[in-house]
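In what follows, a single structure is set out as structure tokens and then discussed.
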Amino acid sequence: MQLYDMPDERGHFGPYGGIFVAETLVEALEELRVMYEKYRHDPEFLAEFANDLKHFVGRPSPIYHAKRWSDKVGGAQIYLKREDLNHTGAHKVNNTVGQALLAKRMGKPRVIAETGAGQHGVATATIAARLGLECVVYMGSEDVKRQAPNVYRMKLLGATVVPVESGSKTLKDALNEAMRDWVTNIENTFYIIGTVAGPHPYPMMVRDFQAVIGVEAKIQMDEIVGRQPDAVIACVGGGSNAMGIFYPYINEEGVKLVGVEAAGHGLETGKHAAPLTANSAVGVLHGNRTYLMQDEDGQIIETHSISAGLDYPGVGPEHAWLKDIKRAEYVAITDDEAMAAFHSLCRTEGIIPALESSHALAYAEKLAKTMSPDQIILVNLSGRGDKDMNTVAQLSGITL
Amino acid sequence: MSRIQTTFATLKQSGKKALIPFITAGDPHPDQTVAMLHGLVKAGANLIELGVPFSDPMADGPVIQRASERALVHKVGLRKVLALVKEFREQDNKTPIVLMGYANPIEAMGVEKFADAAKEAGIDGVLTVDYPPEESTEFNAMLKARDIDPVFLLSPTTDSARVDVIVNQASGFIYYVSLKGVTGSKNLDVVEVADRVAAIRSQTNLPIGVGFGVRDAETAKAVAGIADAVVVGSRMVQEVEKSTATSVVTNLMALTAELRAAIDA
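From first to last, the protein sequence lines are chains A and B.
Residue numbering for the first sequence follows the numbering used here, beginning at 8 and increasing consecutively.
Residue numbering for the second sequence follows the numbering used here, beginning at 321 and increasing consecutively.
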């Protein structure tokens with residue numbers, strides 16, 4: 008097999024990705040592309056990044072054999088990559104540290120971010136506080152209401168949270184608004200995108216910063232069991248935690264890669280957030296070409312998932328490519344299936360997973376049952392579920 | 321010669337500058353769009369930019385986004401916009417119409433199918449905000465093969481090497497975005513714009529329109545002194561927003577006439 012080398016110079020992963028932005032943003036993206044090229048292999052920059060990941064984030068995150076849960080499920084052994092143990096409680100911080108260090112090198116005193124559930128916003132506010140950068144986070148006004156504790160966390164960290172009232176008042180609208188801020192303030196502002204989407208170089212850059220997950224996992228699996236897993240499973244909204252763990256495994260042909268999208272109320276209801284699994288039409292949004300949930304007029308439609316972090320109508324362009332070349336497989340898990348896996352892991356392993364990660368866990372259960380006990384599944388446990396307490400309690404009819 | 325080229329050539333002969341108002345198709349209601357277009361022409365518009373409603377208009381400010389949202393309530397998509405232009409063409413075969421919108425509705429229809437349909441509807445130019453020249457070479461060729469002009473934006477941050485790349489693919493006219501930011505952000509700086517327009521002129525013979533930030537008659541007059549065309553977008557849409565169903569055509573005409581007078585003065 009030819010070694011995987013993507014994207015091309017203009018950020019294309021086959022027909023996906025690219026740079027689809029208004030002329031007003033082109034110069035800013037070019038500046039970012041040039042600076043990222045300069046630093047992505049710079050030993051001093053990489054050492055600074057590694058140092059922060061170790062001492063500020065708490066990496067490497069452990070790999071944990073969920074033995075009791077594996078026995079309960081029956082079938083393959085399930086291992087968890089514990090991104091939930093990172094500072095701020097999810098994989099998001101790997102990327103915000105990387106981009107904020109780049110912002111500092113580029114002399115930008117102000118960072119902006121979009122956020123859905125608030126995890127990326129919190130991770131951005133966190134590193135901005137540590138580096139002394141001004142931080143503005145755009146968040147759909149619906150999400151501001153739903154995620155009040157995270158809004159307060161960002162404020163504690165010194166960030167300004169701007170509720171976005173336009174469109175569907177959720178993540179995609181927050182992204183639109185952050186782009187508008189960036190166009191207006193390009194001289195002093197760095198836009199920290201939270202996922203492997205957006206115009207080039209974002210999908211590549213975010214993947215590179217998140218790839219630490221897969222790089223560590225390969226070393227750890229070798230240490231713990233002396234071989235690589237048979238399958239690696241991760242949830243996919245925009246797809247940053249999945250790209251982070253998949254990327255170092257792409258050339259390892261024996262390792263099956265599975266991305267798990269949110270089937271919401273079920274693919275057949277149309278109320279989901281699974282453009283890859285549902286084979287949505289390909290289109291252009293937020294600066295890149297990818298699979299997109301849209302109507303026959305090309306308007307982006309509202310998505311549904313119990314997990315705010317997966318509630319996005321598009322998907323990172325590299326996932327679109329991995330689907331087409333069949334290097335990764337994409338499946339979808341409903342709200343109910345994710346909730347069942349959530350409760351199961353809580354009770355069996357003493358780990359409260361994020362609702363996003365619960366989608367990956369639910370598919371691991373299904374897959375494990377078809378495998379033998381000497382086979383191994385590695386799940387990227389991308390975040391912890393503390394942020395989801397209100398959602399889960401509400402579903403059980405409990406007011407906290 | 322395309323309708324856009326003819327329009328600019330005729331204006332040049334008579335020593336006049338073009339007034340290009342922008343409205344969003346279907347705002348406030350699709351039943352009013354054709355009457356609004358005719359009204360704009362009657363009051364002195366030389367060319368009209370017609371916005372195609374999109375759910376995620378990233379490059380637009382709140383005013384034009386709200387226009388999109390109002391139109392989307394009535395499910396006005398690209399097909400409907402083309403049908404409206406076709407209806408407009410029944411009575412006006414002279415005024416160029418440039419569609420302004422985003423790539424996704426065009427891709428959803430299929431680029432070639434769109435190019436054919438646009439030709440059939442009587443579209444003269446297409447400005448696709450998020451199709452930079454590098455990503456739209458084939459599409460631009462498709463349009464040109466049907467005598468439709470691909471219109472491009474240039475921004476204050478576009479360097480001269482890139483201006484070359486863009487003017488190479490553009491035809492009809494060039495739209496210079498007078499400020500950093502989204503549509504309708506703030507007032508433009510006339511002196512700075514004059515410098516930039518002069519620099520762009522040294523690289524192309526295409527007529528140059530200036531927009532983003534033309535808010536009043538005074539600015540329109542100043543811009544007319546430096547550019548070949550004055551584009552007025554958010555200010556027009558604001559007029560639509562504050563009008564009632566019965567006053568919208570009259571109000572748009574009054575504003576257009578005021579801008580026309582200032583430009584010609």
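Heads up, the beta-carbon is just placed ideally off N, CA and C, and yes, glycines get one too.
Predicted model, so just to flag it, every value in this text is computed and none were measured.
Confirm the yes/no value for this check: CB of residue i, any heavy atom of the ligand GTP, distance under 6 Å.
| i | result |
| --- | --- |
| V361(B) | As far as ligands go, the structure on display features none, and thus does not contain the ligand GTP. |
Taking 7 Å as the cut-off, decide whether the C-beta atoms of residue i and residue j are in contact.
| i | j | result |
| --- | --- | --- |
| Y145(A) | A185(A) | yes |
| T64(A) | H94(A) | Here residue 64(A) turns out to be Val, not Thr, going by the sequence shown. Yes, the Cβ-Cβ distance between V64(A) and H94(A) is below 7 Å. |
| G294(A) | P206(A) | yes |
| N375(A) | V386(A) | The identity of residue 375(A) in the sequence shown is Ala, whereas the question assumes Asn. No, the Cβ-Cβ distance between A375(A) and V386(A) is not below 7 Å. |
| L299(A) | G244(A) | no |
| T177(A) | G147(A) | yes |
| P425(B) | G18(A) | no |
| L419(B) | L370(B) | yes |
| L264(A) | K330(A) | no |
| D450(B) | V190(A) | no |
| A437(B) | L402(B) | yes |
| S68(A) | L87(A) | no |
| E408(A) | R160(A) | As shown, chain A starts at 8 and ends at 407. That puts residue 408(A) outside it, with no answer to give. |
| M378(B) | N192(A) | no |
| G442(B) | R399(B) | no |
| A461(B) | F472(B) | no |
| L339(B) | A365(B) | yes |
| H366(A) | V213(A) | no |
| E30(A) | S475(B) | yes |
| G445(B) | I546(B) | no |
| I384(A) | A83(A) | yes |
| S364(A) | S389(A) | yes |
| P324(A) | G24(A) | yes |
| G421(B) | F374(B) | yes |
| M573(B) | F342(B) | no |
Could you give the residue range of the beta strand (DSSP E) that holds residue i?
| i | result |
| --- | --- |
| N359(B) | Looking at the sequence itself, residue 359(B) is Gly, so the reference to Asn does not match. No beta strand (DSSP E) contains G359(B), which is instead part of the alpha helix (DSSP H) from P350 to K362. |
| I494(B) | I494 to V497 |
| M146(A) | E141 to G147 |
| R117(A) | R117 to T122 |
| N102(A) | Per DSSP, N102(A) belongs to no beta strand (DSSP E); it is in the alpha helix (DSSP H), K99 to R112. |
| Y86(A) | Q84 to R89 |
Could you check where the alpha helix (DSSP H) with residue i kicks off and where it finishes?
| i | result |
| --- | --- |
| Y46(A) | E30 to Y46 |
| K278(A) | Here K278(A) belongs to no alpha helix (DSSP H), and DSSP marks it neither H nor E. |
| K330(A) | P324 to D331 |
| N248(A) | S247 to F253 |
| T539(B) | A537 to A544 |
| I486(B) | S480 to Q489 |
| N58(A) | P50 to D59 |
| P341(B) | Here P341(B) belongs to no alpha helix (DSSP H); instead the beta strand (DSSP E) covers A338 to T344. |
| E184(A) | L178 to T191 |
| R323(B) | R323 to Q333 |
| F349(A) | D342 to E356 |
| I70(A) | Segment I70 to H72 is the beta strand (DSSP E) holding I70(A); no alpha helix (DSSP H) there. |
| V399(A) | M396 to L402 |
| V158(A) | A155 to L163 |
| E369(B) | Not the alpha helix (DSSP H): E369(B) falls in the beta strand (DSSP E), residues I368 to G371. |
| R296(A) | Premise fails: R296(A) lies in the beta strand (DSSP E), N295 to Y298, not in any alpha helix (DSSP H). |
Between the stretch 529-541 of chain B and the stretch 549-567 of chain B, do three or more beta carbon pairs fall short of 8 Å?
yes
Which residues, in chain order, does the stretch 558-575 of chain B contribute to contact with chain A at a C-beta distance below 9 Å?
none
Which ranges does the alpha helix (DSSP H) cover as unbroken runs of at least 4 residues, wholly within the stretch 385-468 of chain B, from first to last along the chain?
398-409, 423-429, 431-441 and 457-465
Check each residue of the stretch 463-476 of chain B: if its Cβ is closer than 9 Å to any Cβ of chain E, include it; give the result in chain order.
The structure shown contains no chain E; its protein chains are A and B.
Just by C-beta distance, which residues in the stretch 406-430 of chain B are closer than 8 Å to chain A?
Y422, A423, N424, P425, I426, E427, A428 and M429
If the cut-off is 8 Å on Cβ atoms, which residues from the stretch 437-463 of chain B count as contacting chain A, listed in chain order?
V449, D450, Y451, P452, E454 and E455
What are the start and end residues of each continuous beta strand (DSSP E) run of 3 or more residues lying completely inside the stretch 194-265 of chain A, in chain order?
196-198 and 238-242
Every unbroken beta strand (DSSP E) within the stretch 510-577 of chain B, with a cutoff of 3 residues, ordered by chain
528-531 and 549-552
Taking 8 Å as the threshold, find out whether the stretch 121-136 of chain A comes into contact with the stretch 312-328 of chain A through three or more Cβ pairs.
Touching, yes.
Quick one: any contact between the stretch 558-568 of chain B and the stretch 380-395 of chain B, if contact means 3 or more CB pairs under 8 Å?
yes
Is the number of C-beta pairs between the stretch 223-243 of chain A and the stretch 36-53 of chain A that are closer than 8 Å three or more?
no
Under 7 Å (Cβ pairs) to chain B, residues found in the stretch 172-203 of chain A
S173, G174, K179, N183, M186, R187, V190, T191 and I193
For the stretch 344-360 of chain A against the stretch 245-254 of chain A, do three or more pairs of beta-carbon atoms, one drawn from each stretch, fall closer than 8 Å, so that the two count as touching?
Touching, no, given that fewer than three Cβ pairs across the two stretches are closer than 8 Å.
Please list, in chain order, the residues of the stretch 140-165 of chain A that have any C-beta partner in chain B closer than 7 Å.
When CB distances to chain B are screened at a threshold of 7 Å, not a single residue of the stretch 140-165 of chain A falls below it.
Closer than 9 Å, Cβ to Cβ, to anything on chain B: give me those residues from the stretch 297-314 of chain A, in chain order.
L299, Q301, D302, E303, D304, G305, Q306, I307 and I308
What residues in the stretch 279-292 of chain A have a beta carbon less than 7 Å from any beta carbon of chain B?
Residues passing the 7 Å Cβ filter: A288, G290, V291 and L292.
Along the stretch 522-548 of chain B, what residues have a CB closer than 9 Å to any CB found in chain A?
Within the stretch 522-548 of chain B, those residues whose Cβ lies closer than 9 Å to any Cβ of chain A are, in chain order, F532.
Listed in chain order, which residues of the stretch 24-43 of chain A have Cβ atoms closer than 7 Å to some Cβ of chain B?
G25, I26, F27, V28, A29, E30, T31, V33 and E34
Would you list, in chain order, the members of the stretch 359-379 of chain B that have their beta-carbon closer than 9 Å to a beta-carbon of chain A?
P373, F374, S375, D376, P377, M378 and A379
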